[in-house]
Structures are given as C-alpha cells and as structure tokens.
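In our numbering, the protein residues as written are 1 to 642.
Even glycine gets a Cβ: it sits at the ideal position worked out from N, Cα and C.
Below is one structure; the comments refer to it alone.
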Ligand code: C2E
Ligand code: MG
Ligand code: MG
C-alpha cells in the first residue's frame, strides 16, 4: 500500500513543477516579443523558475541524492539571477522611466494604439499611451479613449486604414491630414505616420506642418503670381506677348483660328480724351472680348491698340468669319468710359489653322488685318487668302515710297501735283462755277499712283496730314490766281478734321492769299461722316462759321442713311457714281437719286451727281431735280495749265 502522504507529496510537488515549467515555456514561446535589452534577464528568470520546478519534481519523486546536487544548480542560477536583477533592473527601470518621460514630453504627436473589441464584438482601437504634444494637438486627453472618439478618428483617415496596417503586410501608413483645431478653430495640417508593433499595437506619430504648408502655399502662390505677371498685361489683364511666345513654342498646333484685331486711331483717343479714358476703354474692350471667348480661347494684347484672339473651337474659316464679325460688332457698340460715350472702329484679320502653326497664323492674321485697315470699301473684317500677300507687299512698298516722296513735297520738283476737275450745272454744262482739286502722285519708282490707292495708306500711316496741308495750301494759292467767281473744292480726310489748329490754318491761309473762305469747300466722304460725325461736329461748325463750305462726298457708299444730311451744315451732297442710273429702266437708282435730290432741295442744300460719263445719263439725271454735275462727260481732271 502506498503511503497517502507520499502521494500527496508527489502530486503537490508535481503540480508546482508543472506550474513552474509553464512560465519558462510561455517565455520561450513569446521570446521574440520581449524588448532586446530585457531578454537576458527574462531568460535568467525563466531558468531560475525552471530550476525551481525541476527541484520540486525531484523532491516529489524523492530523488534526494539528485536533489542534493540540483539545489546547487538552483542556488547558482538564483544567485546569478539575483545579482543580475540587482545590477540590471534598477538601471532598466530608470531607463524606462526616462523613456516614458521622453515619450510624454517629446515635441511631436505620439501615441500608442491597441486593438480591442467593444461590447458588440467590433474591432476598435484604444489609445494606450500619448505624448503631451499629442494632447495639445488634438485638444483632448486621449488616454484610454477609443480612437474613433478622438480627432484622428474624425479625420479623413478611417479606422479601417489603421486596422489595415495591423492586418496587412503593409506596416507603415503615411498621410497628410487636415483637422480644424477644437479650440483655435484653425485648419491645421499634420503629417501622420503609423507603424505596427507586435502585439496588436500601433505607434502613431504626427507632426504639425501647418507653418511649412502655409509657407509652401504662399511660395506657390507667389510663384504663380509672378508667373501671371510675367505673362499678362497689367492694365487689361489680357495675356501678353510672353504668353503668346510660350503658346507658340509649347502649343503651336492647339488653335484652330486666330483673329488679329487692331483699333483705329487709338492714339487719337489718348491724345484728345486723355490716357485715363484710353485705359478704361482698353479695359472695357477686353471685358467685352472675354464675354465672347470660349473655354480654351486665349486673348493676348500685343501692343497698345492690338490684340490677338486665339480660338480653340472653330475649324471652319466661314465660322471664323462669323465669329470675327461678332467681335467686331461688340467693338462697334458705343463704350461708356468715365461718363463719356466713345465709339471706336477696328480692323480684324482672320487666319485659320490651314495656314500652319500659330506663328504663321499670326503673320497671316496681321496681314489680313492690315488689308482690312486700308480696305477702300470699308470692309473691316478680312479673312486671310494667299492673294492678300501681294496686296500687302504693294501697300508696304507704296507706304515706304510715299514717306520718301513726302519729304520733299514742298520743294521744287515735288512728285505731287494738283489736278482740277470742273463742276458744272447739270442742265447747262457750259457753266463751270467750281473745280474739285484732286491730288496726283508720280513716283519715279512706282509710276503714277492713284489717290484711291495711296490716300487710304496715308490715312493709316498718318502721312495724310502732310498731303492735306499741301493740297489745301496749293488749292488756296490757285484760287487766289483765278477769277473770283471760280471756287475750289478740296478733299480732306476725317483725320484732318480732328487735327489741332486745322480750321485756324485754313482761315489764315485764306487771309494770307486774299481768298474769300466761301470760295473754298471741303469734301468729306460719307463713310467718314457715318460714325465720326460727333467727334468733329465742333470743327465742322467752326469751318462753316468761318464761311468755308462743306460737302458730303461719295454719298451712298456708307451706311449712314439720308438722316445724316440733316446733321451738319452741308452746302452740297455729292451723289456717288455707283448710285447713278444707267438707263430709264434702272428704276431703283432713279428712285434713290430722286429721293436724295428732293430732300436736298427741301433742305436748301445743293445736290451733285458725280462721275457722269454719257449724255443719256445727264438727261436722265436732269429730270430728277439734281442741280450740279461732275464727270468725264464734261471734263477729266486736268492741270491748271490745260
Ligand atoms: P472723289 O473725291 O470722289 O473724286 C472723284 C473721283 O472720281 C476722282 O478720282 C475722279 O477722277 C473720278 N471721276 C470723276 N469723274 C469720273 C467719271 O466720269 N468716271 C469715272 N470713272 N471716274 C470719275 P481720283 O482723282 O482717282 O480720286 C479718287 C479719290 O481719291 C477721290 O474721290 C478722293 O476721295 C480721293 N482724293 C483725291 N484727291 C485727294 C486729296 O487731295 N485729298 C484727299 N484726302 N483725298 C483725295
Ligand atoms: Mg471728292
Ligand atoms: Mg466722290
């Protein structure tokens, strides 16, 4: 029979031994999770517990001899263990305390999250450890709070992102996050990293980068602003040539069409109305253009009065023409600048991408625009065609040669001469009471150049002032040589009427050469009167007050309508050649001529038919109440000698 105390001793010691053995076993299984510096102590402790367990096992089995020696093993291990603990543990504890303090006071946001399950068995994360800075950053103490109850939980980063760090092989998460601080209510930017640790832990570290971000943003903003300033016109906010050059290099094939817009006589507006009105006008023009631009279209101001409109949308030259007409119509609507109503005109050249890249389109557009500028029919929008090239070259040649010729217009041997074409009574052509002075230019290089060709060019380049001054003076001198009954009509350009001192100069020339001002008439074409009448109505009044007669020339070629006859102190209306009937069957023209003649009659204004070439025409016109006539039928323009 076995002694019961023996059994009890055996089992109790066995139980202790097993219990002792589980501790080192657990340590061994989880050894890798212990911090490296703690591992030797843990190992020693495990060995100590294990040797105690073995001692109990030997005791339970009554192995007294072995136990005797085993005690020495346990004694040795326990002594080493005690010494190690005495030496290392306080140091380790101090170390950990320092580490804890460091973590608490580290100047970055730092926190330890641990995975946990809530009452519903949902996976959640709980803050276990946080630095003080973390509390400041997030505006609340995080200790032991659920992650989703705190600021990071409310940010764009979801709990799933963190759990993914725990679950997947992707151990690090890095994000830029923005939160509105609960106290300051300011939007702050943080750079957050999350690292997983063994044991379902996550280290979350973040840094406040708001200042850096703001500095970066203001730097980006400043760079963008500098970039904008470098590529845009300060006054109108349209693009400038730098922008155009860039587009030319980087996006040469992006645009389907280009409009080259040039304002007429913008310089005059600046000079007569002042630069501040000129500036407001330019801004208003750009505003109107912007209203017509599509999303990808670009507006560039290339000069004081010049714009390029780059159109991304239309591929069709016909569409481009229509589009250009729209821009033109916008320009023609009166502008109100600083309480003044201003009407302007412009020339538009249109080029489409069939010309080539943007650089070529610009050249083509500019050429078409120049052609529009001096178009004798007043067509202000011209689409580029190959033929325009020749016209432009000719124009440039004429402009250059004209400049040269004008330098010696007042010298002996001048290339300019005045011809005179008689104006007669329609019913009695033998009676010539007046002549029209018509300028002629014979260039040694280009031969005889028609005034119809060089006058529009001179108007555009400004050379017209020299020509008009010379023509007016020559005509007055000529009038002084002729009998007092013969009067002279002189053609002037609308720009002359805007020139300072023009009236005074005319009056003083009449005085100087003893010519009655009433012997001089000025002819102003109807096209000029159409929209600029308001601009020089004062000048017309002064001229009329001085006794100089005024005539509307080429009546019927503009779009003014009969009403224009009423505005101004006209002494004669010259009906354009294109309106004269060819035969009695030409009922439309007959009706127009009759209407003009009757109106003139009622208003006590003389009427004249220009360019009569046949006797049948004269007879036809005689019946229409027209008083005066001019044309090859009676006499061609001739020199004073002939
Ligand atoms: P305009 O003032 O209407 O002058 C009449 C034009 O018609 C002249 O052409 C004249 O030669 C032409 N003409 C006259 N009778 C007939 C006719 O029966 N048949 C045809 N086919 N033509 C006729 P021109 O001299 O070539 O002048 C053309 C235009 O140039 C003038 O038209 C005028 O607008 C302008 N111009 C001429 N001289 C001057 C000038 O000194 N100053 C300014 N600003 N313009 C001028
Ligand atoms: Mg004339
Ligand atoms: Mg005429």
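Rounded straight-line distance, which links the Cα of residue 374 to that of residue 484 = 38 Å
Sequence-ordered residues whose beta carbon comes within less than 6 Å of a heavy atom of ligand 2 = 436, 491, 523, 553
Is it a yes or a no for the region 253 to 261 touching the region 302 to 311, going by three-plus beta-carbon pairs under 8 Å?
-> yes
Between the Cα of residue 128 and the Cα atoms of 89, 104, 279, which residue gives the shortest distance?
-> 104
Buried/exposed call for residue 190, threshold 16 Cβ in 10 Å | buried
Return the chain-ordered list of same chain residues with a C-beta closer than 8 Å to the C-beta of residue 84, the five sequence neighbours on each side being excluded.
-> 40, 41, 44
Specify whether the region 114 to 125 and the region 146 to 162 touch according to this definition: at least 3 beta carbon pairs, one from each stretch, less than 8 Å apart.
-> yes
Measuring CB to CB, does residue 590 end up less than 9 Å from residue 573?
-> no
Report yes if the CB atom of residue 304 is closer than 9 Å to the CB atom of residue 267, and no otherwise.
-> yes
Run through the region 457 to 524 for me and flag every whole beta strand (DSSP E) of 3 or more residues, listed as ranges in chain order.
-> 487 to 491
Confirm the yes/no value for this check: CB of residue 628, any heavy atom of ligand 3, distance under 8 Å.
-> no
What's the C-alpha gap between residue 636 and residue 342?
-> 41 Å
Residue ranges of each alpha helix (DSSP H) run of no fewer than 4 residues wholly in the region 328 to 353, ordered along the chain?
-> none
Straight-line gap, residue 581 to residue 340 (C-alpha atoms, nearest Å) = 43 Å
Every unbroken beta strand (DSSP E) within the region 43 to 129, with a cutoff of 3 residues, ordered by chain | 109 to 117
Whole-angstrom C-beta distance between residue 418 and residue 368, which should lie under 8 Å | Wrong, their Cβ atoms sit about 35 Å apart, outside the cutoff.
Member of 632, 624, 601, 269 whose CA lies at the smallest distance from the CA of residue 614 | 632
The region 11 to 30 contacting the region 71 to 84, beta-carbon criterion three pairs below 8 Å = no
Is residue 419 near ligand 1, going by C-beta to nearest heavy atom under 8 Å?
-> yes
Does DSSP put residue 382 in a helix, in a strand, or in coil?
-> strand
Between residue 450 and ligand 1, is the CB less than 8 Å from at least one heavy atom?
-> yes
Residue 434 CB to nearest heavy atom of ligand 3 below 8 Å = no
Assign residue 612 to one of two classes, buried (16 or more other C-beta atoms within 10 Å of its C-beta) or exposed (fewer than that).
-> buried
Beta-carbon proximity list for residue 57, same chain, < 6 Å, skipping 5 on both sides = 17
Report the residue ranges of all alpha helix (DSSP H) runs contained in full by the region 535 to 605; include only those spanning at least 4 residues, in chain order.
-> 537 to 545, 587 to 603
Spatial neighbours of residue 337 in its chain, beta-carbon cut-off 6 Å, leaving aside the 5 residues before and after | 277, 280, 281
What is the C-beta distance between residue 298 and residue 247, in whole angstroms, given that I count them as a contact (C-beta under 8 Å)?
-> 7 Å
Just mark residue 62 as buried or exposed, buried being the case when its beta carbon has 16 or more other beta carbons within 10 Å.
-> exposed
Go ahead and label residue 361 buried or exposed: buried means 16 or more other beta carbons lie within 10 angstroms of its beta carbon, across all protein chains shown.
-> buried
Residue 607: beta carbon under 8 Å from a heavy atom of ligand 1?
-> no
Any idea if residue 19 is buried or exposed, counting beta-carbon neighbours within 10 angstroms, 16 or more meaning buried?
-> exposed
Whose C-alpha, out of 600, 110, 250, is nearest the C-alpha of residue 141?
-> 110
Excluding sequence positions up to five away, which residues of its chain have a Cβ less than 7 Å from the Cβ of residue 535?
-> 498
Could you please give the first and the last residue of the uninterrupted beta strand (DSSP E) stretch that includes residue 271?
-> Careful: residue 271 lies outside any beta strand (DSSP E), inside the alpha helix (DSSP H) at 266 to 273.
Identify every run of the beta strand (DSSP E) within the region 137 to 170, keeping only runs that are complete inside it and at least 3 residues long; order them along the chain.
-> none
Out of 35, 537, 621, 557, state which residue places its alpha-carbon closest to the alpha-carbon of residue 586.
-> 621
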